[in-house]
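Residues in the sequence shown are numbered from 1 upward in steps of one, following UniProt numbering.
In this text, a Cβ means the ideal position worked out from N, Cα and C, and glycines have one as well.
On a predicted model such as this, the values are computed, not experimentally measured, just so you know.
Remarks on the structure that follows.
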Amino acid sequence: GNGTRTTRLCLNQWMTITGNIGPEYGIGHYVGHVTDAPVLILKSCTGNRSLGWDLLPPGSERYEYEGKIYAGYKDSPESWDKGTVPKPIGWYAGMQYDGDVARAKTVLANLANYYPGAKGFEIAGFFFWQGDKDRYNAGHAGRYEQNLVHFIKTLRKDFNAPSAKFVVATLGQTRKGAGGNEGLILNAQLAVDGRSGKYKEFAGNVASVYSKPFCHGGSSSGHYGGNAETYMDVGEAMGRAMAAMIGSTKGSDTRDAGPLPEGLDEKTISRRLRPALGALSHRNYWAVEPMLDRLEKTNQQLQAKPNADQAILQAELQAIQTIRAFVDEQVTGAFERIKSYVSAGNLYRAKQLVIEYNRYFRGIEKYETPIAKLQQAFLKDPYKTTIQQGAQFYQLLANAQRVRTPRTIDLLAKFAERVGDTAYGKAANAAVAALNKDPKVELDGDTLVAGDQ
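What follows is the structure, given as structure tokens:
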């Protein structure tokens, strides 16, 4: 195959990457939460590639659309008039697929060069965020679902990984209900989700991520305006989807452990529930619900078997309900804490809390729906300006307490004058008064904004 580009190696460079990034950092962050094993991501990011042509997997056949014959695997050119002889060009259908697979296999065959000491590996899953080029070709858009199903199956076969999970993300600019080629591609990407029921063999091992809520402007054709937040948010959503299918394999280390439901621990619950308990202890609440859904189905199947220990199975169901109620309480508590900051006018701290809680709760519908609306509000005025004022207030307050000089206090006073009768303006005035009265006083920004200090 071809489609060659140089290979770039990134090792332990979280948040220090210069230049461009993609969804892989968000993916790795979440997958790393549910496994003790090192996570190696092999990424192909060649632009202007379509599933219907460049990435067409082996075994794909020719087909006819509106008087043209479209290429099958290794055919060239992309299409030609029916009844004519195709004239090959310097590229063939699936050439990028062949190149990507070949380069990935080369890395895996020489794994110790990329991860010293590695003695083996497991292909745990595949991620796919693609479709922009296909939307400009009606013949490819209409065939996208069939090609995607074949793509998933062929990748698993080529890497001898029949159990590998697969996550596909939709194009960020396309809304549900869209028509035309974009709608065809969106519907195809959502159809392969194992929860849709359309492809029974994909149940529990293929997930689709609807990425429109994570797109902060721009479109796939313009790489979403180079917005790093878009790529991070989509990557995290894809990582959550993969982690939920993989399940937690974390060990028993519970440093900085989250709270657990009263009466539940690893000694009192069934072995099948332990991954969910492990996810709770790591505050990975987003991963718990899919685990419980799978366990509930298994429990029902076991109850139908002869000689099943119904007492144990009923106790397990009770534990599932207890865990669900506990997660619900955590979600409610998190949202109430965020609301309390919003009510106090402290939108900067509210946004910081949302960023923190997204690591724990994003993907849970009860949390996701209201938070998505709030995050959209954060991007527009008056919230946007208020958040910027909050960031300035906390920085100036920190400086005034760290370097207690007339100049740092004066900067805080000038800020208060500039932003006027706002929550942060009032807090800054209160801080200036307190510091002038007692230069050694310790002030809490949250309390000042709330008006309690």
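Residue from the options with nearest C-alpha to residue i
i, options, result
"K43", "R103, I69 and E64", "R103"
"D100", "P439, A334, D54 and T369", "D54"
"A279", "D36, N20, P23 and I21", "D36"
"M238", "S208, G222 and W91", "S208"
"D410", "N429, Y424, Y394 and A423", "N429"
"D193", "H29, P213, D158 and A241", "A241"
"V85", "I123, S76 and T408", "S76"
"Y424", "D438, R418, G390 and P406", "G390"
"Q96", "F335, W80, I246 and K74", "K74"
"H282", "G247, T298, S270 and K297", "G247"
"D438", "T422, E417, D421 and T405", "T405"
"L148", "V206, E417 and M232", "V206"
"E236", "G217, L292 and P213", "P213"
"Y357", "S340, Y114, F335 and Y348", "F335"
"Y92", "G72, K105, K82 and A109", "G72"
"A315", "L273, P306, V107 and N284", "L273"
"F159", "R175, R62, K105 and G218", "K105"
"R143", "D421, I371, Y70 and A276", "Y70"
"I364", "N284, G179 and K119", "N284"
"G125", "I152, K119 and A109", "I152"
"M232", "H29, E61 and G179", "H29"
"E201", "L317, Y394 and R156", "R156"
Supposed contact pair residue j and residue i - C-beta distance, whole angstroms, cut 8 angstroms
i, j, result
"A431", "L448", "6 angstroms"
"A287", "V39", "A287 to V39, Cβ: 15 angstroms. No contact."
"D132", "A141", "That belief does not hold up - the Cβ atoms of D132 and A141 are roughly 11 angstroms apart, past 8 angstroms."
"G94", "L51", "That belief does not hold up - the Cβ atoms of G94 and L51 are roughly 10 angstroms apart, past 8 angstroms."
"V354", "L374", "7 angstroms"
"P261", "I323", "6 angstroms"
"S211", "T170", "5 angstroms"
"A228", "I21", "6 angstroms"
"I320", "L295", "6 angstroms"
"G177", "Y65", "That pair is no contact at about 24 angstroms."
"G67", "K87", "Between K87 and G67 the Cβ distance is about 17 angstroms, and since that is not below 8 angstroms, they are no contact."
"P23", "V234", "5 angstroms"
Buried/exposed call for residue i, threshold 16 Cβ in 10 Å
i, result
"G445", "buried"
"G26", "buried"
"P116", "exposed"
"V31", "buried"
"N137", "buried"
"E78", "buried"
"F127", "buried"
"F121", "exposed"
"Q189", "buried"
"D381", "exposed"
"V167", "buried"
"A413", "buried"
"N299", "buried"
"I185", "buried"
"K440", "exposed"
"S60", "buried"
"P275", "buried"
"T422", "buried"
"V403", "exposed"
Contacts around residue i, its chain only, beta-carbon distance under 7 angstroms, and the 5 residues preceding and following it disregarded
i, result
"C215", "G172, Q173, Y224 and T230"
"A377", "Y383"
"R359", "none"
"A191", "E145 and K198"
"A308", "L302"
"V107", "L42 and Y114"
"L111", "A118 and F121"
Beta-bridge partners of residue i, as assigned by DSSP
i, result
"G125", "K165"
"E64", "I69"
"W286", "Answer is none; W286 lacks a bridge partner."
"A433", "Note: A433 sits in no beta bridge, so no partner."
"D81", "K68"
"S208", "V168"
Chain-order list of residues whose beta-carbon lies under 6 angstroms from that of residue i (same chain, five-residue window excluded)
i, result
"Q130", "none"
"Y367", "V331 and F361"
"V342", "A350"
"Q388", "none"
"A161", "I123"
"P290", "A244"
"N399", "T408"
"E182", "R135 and T174"
8 angstroms Cβ shell around residue i - same chain, five flanking residues per side excluded
i, result
"L443", "L397, Q401, A431, A434, L435 and Q453"
"R49", "G3, L55, Q96, Q130 and K133"
"T450", "According to the sequence provided, residue 450 is Ala. The question's Thr does not apply to it. Contacts found: A344 and N346."
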